[in-house]
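The structure under discussion appears below in the form of structure tokens.
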Amino acid sequence: MSDRDAESIVDAVSANTNIRKLTFVACGMMTLSAFLNHLSIGIMGNQTLLGVVLQGRLNEGKNASRKLFAICEATRRNSGLLAAAAAFSKATNVYRYSAAALERICKRHAELLEDLAEFVEVSVDEIGGIAHRHLQRTASLDEFMRITGVVKQRVVCHPRDDGCMQLDDLGEVCWQMVRWFLMLDDVEEAVTHPDNLLAVP
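The sequence shown begins at 328 in the working numbering and counts up by one.
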């Protein structure tokens, strides 16, 4: 196998989001280096690759370590998303993270639903229905803002003097249009400093 063949395999993996586990056995040091170099270039953009196994001899020192780290980091991130989404059925304080992960998989990486179904030990059809029902809980403005930690119970805006529309004036249809583009993890999590907690009455 030539270096170009190894690079072509990487291109095929990058173009196909259905490939979630990859094993590459190299017969020569140069082929593994070419594969590693090419895979590490765009790996952080891959949101569906869950595991990579490389077999062969590699002798590039720190440069190879950085490339291997990038690949491991991407697959760790993707596997973490799957694990967080699998926690959606448990009522815990990580609800925000599991709901956000489940939403990201359903809306942007539906090919991972099969892996999620395997992870929680249900059929693919069943996980689709369960996920849809679970995400319906985050559909309303109040529930979205509560889950993301923006409000404790519901959205209430102070009336403006100029009578302009406020966030809590949005109708359900309008909010659903906003929600189509707004993901749970688009809202940054507020970090409360312990000193600020003391100042709260």
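Each residue gets a CB set at the ideal place from its N, CA and C atoms; glycine is no exception.
List the whole-angstrom C-beta distance separating residue i from residue j, where the pair is believed to meet the contact cut-off of C-beta under 8 Å.
i, j, result
"Asp512", "Ala427", "4 Å"
"Leu395", "Glu430", "Rounded, the Cβ-Cβ distance is 31 Å, inconsistent with contact."
"Thr375", "His436", "6 Å"
"Val482", "Leu468", "6 Å"
Have a look at residue i and residue j and give me their C-alpha separation to the nearest angstrom.
i, j, result
"Ala401", "Ile370", "6 Å"
"Leu439", "Val447", "12 Å"
"Val380", "Phe351", "6 Å"
"Arg404", "His485", "40 Å"
"Arg464", "Glu470", "7 Å"
"Arg347", "Val451", "16 Å"
"Gly455", "Asp488", "46 Å"
"Pro528", "Asp495", "Low confidence applies here, because Pro528 scores a pLDDT of 36, under 50, leaving its location unreliable and the question unanswered by this model."
"Ile368", "Cys491", "48 Å"
"Phe508", "Ala333", "38 Å"
"Ala391", "Lys479", "48 Å"
"Ser335", "His365", "9 Å"
"Val514", "Glu445", "29 Å"
"Lys389", "Ala361", "16 Å"
"Leu524", "Thr344", "Residue placement at Leu524 cannot be trusted, given a pLDDT of 43 that sits under 50; what the coordinates show is reported in the next sentence. Distance between the alpha carbons of Leu524 and Thr344 is about 45 Å."
"Val449", "Ile457", "10 Å"
"Asp338", "Arg393", "20 Å"
"Glu534", "Ala466", "A question about residue 534 goes unanswered here, because the residues of the chain that appear run from 328 up to 528."
"Cys501", "Glu441", "32 Å"
"Glu499", "Gln493", "14 Å"
If you compare alpha carbons, which of the options is closest to residue i?
i, options, result
"Leu359", "Arg331, Val340, Ile346 and Arg347", "Arg331"
"Ile398", "Ile474, Leu363, Ala466 and Asp452", "Leu363"
"Cys433", "Met510, Asn343 and Ala361", "Met510"
"Glu516", "Val500, Cys501 and Met472", "Met472"
"Leu385", "Thr344, Leu366 and Met357", "Met357"
Does the distance from the C-beta atom of residue i to that of residue j stay below 8 Å?
i, j, result
"Leu497", "Leu443", "no"
"Ala353", "Gly383", "yes"
"Ser406", "Ala414", "no"
"Arg506", "Ile474", "no"
"Ser329", "Asn373", "no"
Please give me, in chain order, every unbroken run of the alpha helix (DSSP H) with length at least 4 that falls completely inside the stretch 394-476. 422-435, 440-447, 451-463 and 468-474
Length-filtered (4 minimum) alpha helix (DSSP H) runs lying within the stretch 349-391: 356-369
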